[in-house]
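Shown next, in structure tokens, is the structure this report addresses.
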Amino acid sequence: MKTYIAKKIFLMVMFLTLFSCDSYLEEVNPNEISTDIYWSTLDESDTNLISVYGAMLNEYIVNARVESWRSDEGFPGSRFNDRLPNGHDVSLFAKNWYEQNIDEDTNEVQLRWDALYQVIFRANQVIEGLNRMTDDLKSQEAWTLQMGQARFFRGLAHFYLHSTYKQGKIIIRDVNPLKPSDFSKAASESSEVIAFFREDLEYAYNNLPGQMEPKTRVDAGAAGTILGMSYLYEGDYLLAKDYFDDIINNKKKDYGYALVQDASIMFTKAGDFNSESILEINYSLHKAEETAFNEDDFITRSARYSAPRSGGGSSVLETFTASAWLIHAFSSDEMDPNDSRNTVTDRAGTVRLRKVSLRNSAMLAVVNDEDTEYYESVSAPVLHNFNSLGKYGYFKKYTNHDITNDEQTLGLNSWQSGKNVILNRLSGVYLMMAECLNETDDINGALFYINAIRKRWGLKVLEGADYDSKEEVRTRLQLFEYPMELCVEGYSTRNIDLRRWGIAKARYTELSQRNFYATDYVYLNEDATGTATRTASLVREGISTNATDFQIEPEFLKASENYTDGYLPYPASETINNPKISN
Numbered sequence: 413m414k415t416y417i418a419k420k421i422f423l424m425v426m427f428l429t430l431f432s433c434d435s436y437l438e439e440v441n442p443n444e445i446s447t448d449i450y451w452s453t454l455d456e457s458d459t460n461l462i463s464v465y466g467a468m469l470n471e472y473i474v475n476a477r478v479e480s481w482r483s484d485e486g487f488p489g490s491r492f493n494d495r496l497p498n499g500h501d502v503s504l505f506a507k508n509w510y511e512q513n514i515d516e517d518t519n520e521v522q523l524r525w526d527a528l529y530q531v532i533f534r535a536n537q538v539i540e541g542l543n544r545m546t547d548d549l550k551s552q553e554a555w556t557l558q559m560g561q562a563r564f565f566r567g568l569a570h571f572y573l574h575s576t577y578k579q580g581k582i583i584i585r586d587v588n589p590l591k592p593s594d595f596s597k598a599a600s601e602s603s604e605v606i607a608f609f610r611e612d613l614e615y616a617y618n619n620l621p622g623q624m625e626p627k628t629r630v631d632a633g634a635a636g637t638i639l640g641m642s643y644l645y646e647g648d649y650l651l652a653k654d655y656f657d658d659i660i661n662n663k664k665k666d667y668g669y670a671l672v673q674d675a676s677i678m679f680t681k682a683g684d685f686n687s688e689s690i691l692e693i694n695y696s697l698h699k700a701e702e703t704a705f706n707e708d709d710f711i712t713r714s715a716r717y718s719a720p721r722s723g724g725g726s727s728v729l730e731t732f733t734a735s736a737w738l739i740h741a742f743s744s745d746e747m748d749p750n751d752s753r754n755t756v757t758d759r760a761g762t763v764r765l766r767k768v769s770l771r772n773s774a775m776l777a778v779v780n781d782e783d784t785e786y787y788e789s790v791s792a793p794v795l796h797n798f799n800s801l802g803k804y805g806y807f808k809k810y811t812n813h814d815i816t817n818d819e820q821t822l823g824l825n826s827w828q829s830g831k832n833v834i835l836n837r838l839s840g841v842y843l844m845m846a847e848c849l850n851e852t853d854d855i856n857g858a859l860f861y862i863n864a865i866r867k868r869w870g871l872k873v874l875e876g877a878d879y880d881s882k883e884e885v886r887t888r889l890q891l892f893e894y895p896m897e898l899c900v901e902g903y904s905t906r907n908i909d910l911r912r913w914g915i916a917k918a919r920y921t922e923l924s925q926r927n928f929y930a931t932d933y934v935y936l937n938e939d940a941t942g943t944a945t946r947t948a949s950l951v952r953e954g955i956s957t958n959a960t961d962f963q964i965e966p967e968f969l970k971a972s973e974n975y976t977d978g979y980l981p982y983p984a985s986e987t988i989n990n991p992k993i994s995n
């Protein structure tokens with residue numbers, strides 16, 4: 413363990429913002445032997461606690477682009493390339509994830525494993541240090557709050573590992589290694605892992621307040637949400653429902669969550685830590701370093717990976733953009749014509765309905781969104797030629813489209829973004845609550861929560877007459893409401909959902925048999941004096957006979973063939989260095 417040296421004012425800034433990797437202690441490498449930890453004040457332990465938050469900055473924990481590629485939501489590379497017969501040009505790295513060719517040697521399998529155990533390692537340091545304090549310090553509220561936060565993150569990281577690796581049979585690290593033999597440890601059964609992380613999360617749930625100050629810190633609501641998810645993932649709808657009911661209706665504590673009704677701030681800088689946010693990773697450009705690949709730095713690269721080239725996006729071969737079915741689903745989602753927000757006066761003075769829904773505008777840039785500014789341009793079609801690379805839908809959740817005209821100009825180098833990353837928010841809890849209610853035969857209750865979200869976006873509500881069976885509501889949730897509301901969001905959310913529902917292989921197969929094409933789109937030009945055309949840019953379903961249209965190659969063909977169980981294997985470095993586990 414290392415000493416921490418900083419001026420008092422710098423320490424206070426870091427405490428309030430929870431940003432800086434400069435404020436982290438030089439902890440022992442997780443692959444080395446840890447030493448005894450003794451702290452004499454709660455300020456010292458809190459400084460170490462900040463390093464746990466810092467470990468969550470590691471991009472490979474969420475790894476949104478890789479998760480999008482292996483789900484049914486994302487598409488890698490370019491669909492349009494004259495050099496290739498099917499137009500698909502993609503890096504081998506991205507192609508392997510997209511086609512479900514993942515094994516123990518896959519780099520991101522190792523990097524995520526290491527990142528999550530780094531969170532556990534740092535949390536254990538704090539827990540061990542707090543436990544060695546005097547009884548007088550242990551009696552203080554600050555001690556309990558720090559222990560609650562540290563145990564939350566230790567539980568969270570075990571929950572994440574359990575949800576994604578080896579059928580949940582992962583290594584429980586309840587203490588840090590003290591001698592070389594401690595590194596060789598067998599994986600525990602899934603049930604043992606569940607019991608372990610739930611105990612940590614329950615401690616956080618019971619001992620943290622409903623609302624922490626500052627809001628950048630985790631609270632009981634975050635713990636309750638993850639606990640509810642852990643029961644939902646095991647199919648225990650009754651217990652999951654109890655946690656979600658508490659979070660939504662403030663049964664045990666005042667959590668203060670509310671659905672954001674101002675759709676314009678969703679997934680923007682103005683929407684950071686809004687009333688809907690439950691668990692959010694806090695990035696910032698204020699203390700960025702020159703490098704873009706220090707995982708302790710508080711910047712993210714996801715903006716470059718998901719932005720269009722016209723907005724400063726990165727290599728066409730390694731970006732993640734929306735799959736054809738998802739683009740089409742957003743465009744087909746019916747707006748409520750009676751919601752005044754859906755009636756606009758365009759730049760030419762014409763009063764009309766919006767071209768796409770508010771949800772579409774917040775989450776996905778498409779050629780027919782003429783009613784939303786994009787990278788300081790008056791509209792997406794004015795800014796970008798969607799046909800140029802066959803990328804017809806750009807995710808907005810990780811980009812800075814609201815505050816810049818070029819992602820590459822924000823940081824000290826072209827890869828740096830300070831955009832926050834949302835892991836959990838209230839609308840996700842609403843959908844999980846709806847699932848629980850539907851599976852316990854309360855269809856009307858399920859529709860209530862689904863429609864609360866749809867109303868927020870100005871979408872038509874789902875009528876009970878059209879959704880009067882559990883099966884119909886289940887299908888609506890699985891194939892539309894979940895992926896459209898939570899697309900490329902959270903920790904492996906879509907992949908875990910498809911797996912736990914047991915529909916992943918069938919889903920890829922069904923999508924591989926659907927046909928989509930891109931057709932011309934006529935839009936209002938930049939100065940609103942007339943129209944212009946983006947050729948082969950608007951996604952439609954079917955087979956086109958128009959020579960100017962682009963027939964999109966069927967997606968997910970290889971995924972439908974290669975999908976197994978949706979879990980990641982142990983990384984090779986772990987199986988090589990730890991003789992007690994194997995794939």
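The numbering used here numbers the first residue of the sequence shown as 413 and each following residue consecutively.
Yeah, the Cβ is synthetic: ideal placement off N, Cα and C, and Gly gets one too.
I need the DSSP call for residue i, collapsed to helix, strand or coil.
| i | result |
| --- | --- |
| Gly466 | helix |
| Gln925 | coil |
| Pro488 | strand |
| Arg837 | strand |
| Val474 | helix |
| Phe962 | strand |
| Tyr975 | coil |
| Tyr529 | helix |
| Asp458 | helix |
| Ser881 | coil |
| Tyr903 | coil |
| Thr941 | coil |
| Ser446 | The predicted model places Ser446 with a pLDDT of 46, which falls under 50 and marks its position as unreliable, so this point remains unresolved. |
| Glu953 | strand |
| Ala916 | helix |
| Asp909 | helix |
| Tyr935 | strand |
| Thr892 | Before going further, note that residue 892 is Phe rather than Thr in the sequence given. The answer is helix: DSSP assigns Phe892 an H, G or I state. |
| Leu969 | helix |
Compare the C-beta of residue i against all C-beta atoms of chain C and say whether one is closer than 7 Å.
| i | result |
| --- | --- |
| Lys867 | Absent from the structure is chain C; it holds one protein chain and no more. |
If contacts are defined as beta-carbon pairs under 8 Å, then residue i and residue j qualify, I think. What distance do you get, rounded to the angstrom?
| i | j | result |
| --- | --- | --- |
| Ala635 | Leu650 | That pair is no contact at about 19 Å. |
| Val605 | Leu691 | So it is not a contact: roughly 20 Å between Cβ atoms. |
| Ala736 | Phe807 | Contact flag wrong, Cβ pair sits at about 14 Å. |
| Ser714 | Tyr572 | That belief does not hold up - the Cβ atoms of Ser714 and Tyr572 are roughly 18 Å apart, past 8 Å. |
| Asn780 | Val763 | With 8 Å as the limit, Asn780 and Val763 do not qualify as a contact, their Cβ atoms being about 18 Å apart. |
| Thr712 | Glu485 | Actually they do not touch by this definition, with Cβ atoms about 19 Å apart. |
Output needed for residue i: all residues of its chain with C-beta closer than 6 Å, excluding positions within five of it in sequence on either side, in chain order.
| i | result |
| --- | --- |
| Trp509 | Val478, Trp481 and Arg482 |
| Tyr436 | Confidence at Tyr436 is low in this model, with a pLDDT of 32, below 50, so the placement of that residue should be treated as unreliable; the coordinate-derived value is given next. Closer than 6 Å at the Cβ level, and outside the excluded window around Tyr436, lie Ser463 and Gly466. |
| Arg566 | Ile532, Ala535 and Asp612 |
| Leu795 | Ser722, Tyr786, Tyr787 and Ser789 |
| Tyr645 | Arg912 |
| Thr784 | Ser773 |
| Thr945 | Asp932 and Val934 |
| Tyr643 | Leu651 and Ala652 |
| Lys419 | Its pLDDT being 32, under 50, Lys419 is placed unreliably in this model, and the value from its coordinates should be taken loosely. Correct list: empty, nothing qualifies. |
Using C-beta distances below 7 Å, list every residue in its chain close to residue i, excluding the 5 sequence neighbours before and after it, in chain order.
| i | result |
| --- | --- |
| Ala948 | Asn799, Ala930, Thr931, Asp932, Thr960, Asp961 and Phe962 |
| Thr921 | Ser972 |
| Pro981 | Asp515, Glu516, Val521, Lys578 and Asn995 |
| Asp658 | Gly636 and Lys664 |
| Ile638 | Leu568, Phe571 and Leu613 |
Considering Cα atoms alone, identify which of the options is closest to residue i.
| i | options | result |
| --- | --- | --- |
| Asp814 | Arg629, Arg952 and Ala792 | Ala792 |
| Arg952 | Glu730, Ala675, Phe571 and His740 | His740 |
| Glu973 | Tyr806, Lys767, Ser642 and Glu511 | Glu511 |
| Ser789 | Leu528, Asn817 and Trp737 | Asn817 |
| Thr576 | Ser904, Leu454 and Pro592 | Ser904 |
| Lys581 | Lys591, Phe571 and Ala599 | Ala599 |
| Trp555 | Asp455, Leu824, Gly823 and Ser687 | Asp455 |
| Gly902 | Thr762, Asp781, Leu838 and Ala607 | Leu838 |
| Ala675 | Ser956, Leu871, Ala944 and Asn989 | Leu871 |
| Tyr450 | Ile539, Asp594 and Leu504 | Ile539 |
| Ile988 | Ser596, Phe732, Leu469 and Arg866 | Ser596 |
| Lys803 | Asn856, Ser829, Leu729 and Cys848 | Leu729 |
Grab me the residues of residue i's own chain with a C-beta within less than 8 Å of its C-beta, minus the 5 sequence neighbours each way, in chain order.
| i | result |
| --- | --- |
| Glu884 | Asp878 |
| Leu765 | Met747, Pro749, Asn754, Thr755 and Val756 |
Give the list of continuous beta strand (DSSP E) stretches no shorter than 3 residues that lie fully inside the segment 745 to 817.
755 to 757 and 763 to 765
To test your reading of the DSSP string, which unbroken alpha helix (DSSP H) runs of 4 or more residues are found completely within the segment 610 to 696?
632 to 645 and 649 to 661
In chain order, which continuous runs of the alpha helix (DSSP H) of length 4 or greater are located wholly inside the segment 535 to 603?
547 to 550 and 553 to 576
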